[in-house]
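Mapping to the UniProt record's numbering: the sequence shown position 113 is 113, numbers consecutive. Below: one structure, written as structure tokens.
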Amino acid sequence: MNPMEVVFVDDDEDVRDANAQALDLQGVSVRACASAQEALDILADTFSGVLVTDVRMADMDGLTLFRHVRRLDPEIPVILITGHGDIEMAVGAMREGAYDFLSKPYAPERLLAAIRHGTAQRRLVLENRRLRAQAPGGADAAESMLIGNAPAIVRIRELLRHVADADVDVLVHGETGSGKEVVAQVLHRLSRRRDAPFVAINCGALPESVIESELFGHEAGAFTGAQKRRVGRIEHADGGTLFLDEIESMSPAMQVRLLRVLETRQVAPLGTNEQRAVDLRVVAATKADLGDPAMRARFREDLYYRLNVVTVNIPPLRERREDIPVLFAHFAGLAARRFGCPVPPMDSALLRHLMSHDWPGNVRELAHFADRCALGVQQTPASDPATPAPAAGSLPERVERYEAELIREALAAHGGEIRGTIEALGLPRKTLYDKLRRYGIDRRAFVRDDARTEAAVGDSAGN
1 MNPMEVVFVD DDEDVRDANA QALDLQGVSV RACASAQEAL DILADTFSGV LVTDVRMADM
61 DGLTLFRHVR RLDPEIPVIL ITGHGDIEMA VGAMREGAYD FLSKPYAPER LLAAIRHGTA
121 QRRLVLENRR LRAQAPGGAD AAESMLIGNA PAIVRIRELL RHVADADVDV LVHGETGSGK
181 EVVAQVLHRL SRRRDAPFVA INCGALPESV IESELFGHEA GAFTGAQKRR VGRIEHADGG
241 TLFLDEIESM SPAMQVRLLR VLETRQVAPL GTNEQRAVDL RVVAATKADL GDPAMRARFR
301 EDLYYRLNVV TVNIPPLRER REDIPVLFAH FAGLAARRFG CPVPPMDSAL LRHLMSHDWP
361 GNVRELAHFA DRCALGVQQT PASDPATPAP AAGSLPERVE RYEAELIREA LAAHGGEIRG
421 TIEALGLPRK TLYDKLRRYG IDRRAFVRDD ARTEAAVGDS AGN
């Protein structure tokens with residue numbers, strides 16, 4: 001992970017140098033500026049870090065600098081450093097959109113925590129912009145449509161790129177809402193068939209009396225009410241991709257006919273004996289394990305093996321928690337544009353809910369949750385009962401509690417694994433262990449059962 005970036009502005013050279021040195025020791029990349037104008041000269045809307053500025057400065061004060069930065073990019077996090085008499089003014093600036101303020105004197109740890117939180121938010125904003133800028137039909141639909149960096153998602157993207165232009169049918173397996181149709185669309189867009197139709201049909205949503213005509217089409221007069229010829233979905237997908245969702249719900253009779261199409265690449269509409277050649281890829285999706293012997297009574301074994309040339313297994317969202325914040329930012333940005341409202345902020349209570357909820361509806365549930373957050377109709381998730389109420393105590397106490405919460409969230413997201421945790425938090429290993437001892441956090445409580453032996457070894461190495 002790239003180091004955190006900070007532009008630190010203070011016209012007092014001693015204060016400026018001392019803070020720059022303290023942050024540099026924590027692995028933060030610092031650009032120290034002696035004036036507000038110097039900072040404006042180097043800031044751009046692509047800046048991936050945080051602006052920290054003193055309020056009282058000659059020529060241009062920190063509040064004026066903040067308002068200039070708001071015009072440049074209103075989503076650059078700005079942290080104001082204030083004296084005791086400026087607190088009311090700083091609170092007003094936060095209402096205008098400032099990210100945070102620190103009252104002098106402040107501990108270096110408090111400044112570092114604020115920078116860390118601001119950096120996390122800024123990176124989400126820039127990632128969301130990057131995803132929006134990538135059109136789905138662009139050079140790599142796998143990156144722009146199948147979002148996430150969890151190892152399983154990276155492997156799926158690599159697999160789809162590898163088989164995109166191979167003439168093989170694909171079986172996609174995953175829970176409800178996990179993104180099976182998105183995988184099919186990505187495969188279509190990556191393939192040489194991208195300019196031909198992508199035809200989707202939900203086998204579970206159509207009654208038996210309709211699905212045959214929908215899939216295979218019919219000639220005029222083929223049955224009562226068939227007044228004109230209808231091209232079926234299979235024939236309509238000629239040259240492109242046919243996506244069959246919930247294929248496990250297809251009747252045995254339809255399975256026989258589909259198997260025939262897959263084997264011969266020909267289709268015979270109702271009311272004719274004519275066999276029409278079709279060139280298409282079939283992507284079938286299921287939430288059931290079609291390879292389970294218990295499915296033999298419901299799903300033909302020969303059809304399963306015909307489809308099971310390439311299988312894509314999509315993990316549930318609860319098994320790729322590291323992708324949840326980026327996915328939420330993506331969906332919240334889409335919702336904000338669709339509804340014409342601001343992007344909802346990512347505060348600690350929201351992040352805690354995102355990382356702790358099991359998401360049984362998977363990505364679809366997360367997308368609907370983001371819609372409600374953007375509309376302002378989603379109540380702030382309740383705090384974990386085990387977590388002290390953040391409103392109690394002094395400001396330093398609240399900051400420490402917040403820092404401990406973020407450490408717990410990172411440990412939970414990475415199953416107690418130290419390397420992933422320090423990369424996510426941007427901390428040196430020794431600093432993380434110091435904070436675990438300081439806050440009484442036992443990382444072994446976050447280790448998954450299959451990794452507890454490794455965790456014990458890691459703890460011995462860190463102590």
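Even glycine gets a Cβ: it sits at the ideal position worked out from N, Cα and C.
In the DSSP assignment, find the beta strand (DSSP E) that holds residue i and state where it starts and stops.
i, result
"Met198", "The sequence shown places Phe at residue 198, not Met. Counting along the chain, the beta strand (DSSP E) containing Phe198 begins and ends at Phe198 to Asn202."
"Glu5", "Glu5 to Val9"
"His173", "Val170 to His173"
"Ala297", "Note, Ala297: premise wrong, no beta strand (DSSP E); not H, not E."
"Thr286", "Arg281 to Thr286"
"residue 466", "Given a span of 1 to 463 for the chain in the structure shown, any question on residue 466 remains unanswerable."
"Ile78", "In the sequence under discussion, the amino acid at residue 78 is Val, which differs from the Ile named in the question. Per DSSP, Val78 belongs to the beta strand (DSSP E) from Val78 to Thr82."
"Asp245", "Thr241 to Asp245"
Just reading off the alpha helix (DSSP H) that residue i is part of, what are its end residues?
i, result
"Ile314", "Taken as a continuous stretch (DSSP letters only), Ile314 belongs to no alpha helix (DSSP H), as it is neither H nor E."
"Val15", "Glu13 to Leu25"
"Thr431", "Arg429 to Tyr439"
"residue 479", "Outside the displayed span of the chain (1 to 463) sits residue 479, for which this structure offers no information."
"Thr264", "Pro252 to Thr264"
"Ser213", "Glu208 to Phe216"
"Phe66", "Gly62 to Leu72"
"Ile87", "Ile87 to Glu96"
"Cys33", "Taken as a continuous stretch (DSSP letters only), Cys33 belongs to no alpha helix (DSSP H), being part of the beta strand (DSSP E) at Ser29 to Cys33."
"Asp371", "Asn362 to Leu375"
"Leu270", "Per DSSP, Leu270 belongs to no alpha helix (DSSP H) and is neither H nor E."
"Ala58", "Unbroken run through Ala58: none, as it is neither H nor E."
"Arg183", "Reading the sequence as shown, one finds Val at residue 183 and not Arg. Residues Lys180 to Leu190."
"Asp41", "Ala36 to Ile42"
"Glu421", "Looking at the sequence provided, one finds Thr at residue 421 rather than Glu. Element bounds for Thr421: Ile418 to Leu425."
"Gly333", "Ile324 to Phe339"
Suppose the cutoff is 8 angstroms on Cβ atoms and the five residues either side in sequence are ignored; what does the same chain contact list for residue i look like?
i, result
"Gly240", "His188, Arg193, Ala196, Pro197, Phe198, Val199, Leu280 and Arg281"
"Arg306", "Asp169, Leu259, Leu262 and Glu263"
"Asp41", "none"
"Leu215", "Ile201, Gly232, Arg233, Ile234, Met254, Arg257 and Leu258"
"Leu293", "Residue 293 is actually Pro in this sequence, not Leu. Correct list: empty, nothing qualifies."
Classify residue i as buried or exposed, calling it buried when 16 or more other Cβ atoms lie within 10 Å of its own Cβ.
i, result
"Val9", "buried"
"Arg296", "exposed"
"residue 473", "Past the boundaries of the shown model lies residue 473; the chain is included only from 1 to 463, so the question cannot be answered."
"Gln255", "buried"
"Asn362", "buried"
"Val6", "buried"
"Phe328", "buried"
"Pro385", "Its pLDDT being 41, under 50, Pro385 is placed unreliably by the model, and the measurement read from it follows with that caveat. It is exposed - the Cβ of Pro385 has fewer than 16 other Cβ atoms within 10 Å."
"Glu263", "exposed"
"His162", "exposed"
"Thr119", "buried"
"Pro136", "Residue placement at Pro136 is flagged as unreliable, the pLDDT there being 46, under the threshold of 50; the coordinate-derived value follows with that caveat. Classification for Pro136: exposed."
"Ile247", "buried"
"Leu25", "exposed"
"Met346", "buried"
"Pro151", "exposed"
"Gln121", "buried"
"Gly138", "Any reading at Gly138 needs caution, since the residue's pLDDT is 41, under 50, leaving its predicted position unreliable; the model's value is listed next. Exposed, since its Cβ has fewer than 16 Cβ neighbours within 10 Å."
"Gly340", "exposed"
"Gly376", "exposed"
Within the same chain, show all residues whose beta-carbon is closer than 6 angstroms to that of residue i, passing over the 5 residues directly before and after it, in chain order.
i, result
"Arg229", "Glu219 and Ala220"
"Phe331", "Ala367 and Ala370"
"Ala237", "Pro197, Val199 and Leu280"
"Arg364", "Gly177"
"residue 481", "Here the chain covers residues 1 to 463 and nothing more, so residue 481 does not appear."
"Gly420", "His414"
"Ala268", "Gln275"
Assuming residue i and residue j make a contact with CB atoms under 8 angstroms, what is their CB distance in whole Å?
i, j, result
"Ala111", "Leu124", "The amino acid at residue 111 is misidentified as Ala; the sequence shows Leu. Contact flag wrong, Cβ pair sits at about 21 angstroms."
"Glu403", "Arg352", "Not a contact, Cβ separation roughly 13 angstroms."
"Gly201", "Leu244", "First, the amino acid is wrong: residue 201 is Ile here, not Gly. At roughly 6 angstroms, the Cβ-Cβ gap stays under 8 angstroms, so Ile201 and Leu244 are in contact."
"Ala413", "Leu425", "The Cβ separation is near 10 angstroms, so there is no contact."
"Ser249", "Glu208", "Contact flag wrong, Cβ pair sits at about 10 angstroms."
"Arg318", "Asp289", "Actually they do not touch by this definition, with Cβ atoms about 18 angstroms apart."
"Ile234", "Val278", "6 angstroms"
"Ile115", "Met4", "6 angstroms"
"Gly27", "Pro428", "6 angstroms"
Does any heavy atom of the ligand SAM sit closer than 7 angstroms to the C-beta of residue i?
i, result
"Arg95", "For the ligand SAM, the structure offers nothing, since it holds no ligand at all."
Which same chain residues end up closer than 7 angstroms to residue i when comparing Cβ atoms and leaving out the 5 residues on each side of it in sequence?
i, result
"Ala142", "Arg157, Leu160, Arg161, Val186 and Leu190"
"Gly97", "Arg70 and Pro74"
"Ala391", "With a pLDDT of 43 at Ala391, under the threshold of 50, the modelled position of this residue cannot be trusted, and the question is left open."
"Leu126", "Ser48"
"Thr224", "none"
The region 59-69 / the region 35-47 touching (three or more Cβ pairs under 8 angstroms): Short answer: they touch.
Meets three-Cβ-pair contact criterion under 8 angstroms: the region 80-95 and the region 306-316: No, because fewer than three Cβ pairs between the region 80-95 and the region 306-316 fall closer than 8 angstroms, the two stretches do not touch.
Any 3 or more C-beta pairs closer than 8 angstroms across the region 40-58 and the region 68-81: The region 40-58 makes contact with the region 68-81, as at least three CB pairs between them are under 8 angstroms.
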